[in-house]
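End of the sequence shown = 91 in full-length UniProt numbering, gap-free, step of one. Glycine included, each C-beta is placed from N, C-alpha and C at the ideal position. Everything numeric in this text was worked out from a predicted model, so none of it was measured. Below you'll find the structure, written out as structure tokens, and then a few comments.
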Amino acid sequence: MRRILVIVLVLGTHGLTGWGWHREAPPWPQAGPMPDAPVPVKPYRYAPVTSGAISNRPVAPMPWPDVNRRVSPPAVKTPPPGPSTPGAPRP
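See below:
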């Protein structure tokens, strides 16, 4: 049983690979130029790796009041309470 399996595998491999069927290489199934043929391309343009990058180097620290003004929420102007303001207590 094992000998038959080995023979079938050897002959099957030989048949599937096509050994002895062609004396020359089969023609290339091409739909365009050959893959190893040179093709025209645009010349390479040098672009530095750091182009478009911003500098993140440390800078001198800002005074604390300036930092607080930059991060604080915007001030909301409230109208003075008066008779036209709804919900305002009447004097």
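C-alpha gap between residue i and residue j, whole angstroms
i, j, result
"H14", "A37", "32 angstroms"
"T17", "I4", "20 angstroms"
"R45", "N56", "27 angstroms"
"A60", "I54", "17 angstroms"
"V10", "P35", "33 angstroms"
"R69", "A47", "40 angstroms"
"D66", "G52", "29 angstroms"
"A75", "M62", "21 angstroms"
Three-way DSSP call (helix, strand, coil) for residue i in this model
i, result
"residue 94", "Here the chain has residues from 1 to 91 only, and residue 94 is not among them."
"R57", "coil"
"R45", "coil"
"P65", "helix"
"V76", "coil"
"V39", "coil"
Cut-off 7 angstroms between Cβ atoms - residues of its own chain near residue i, not counting five sequence neighbours on either side
i, result
"W64", "none"
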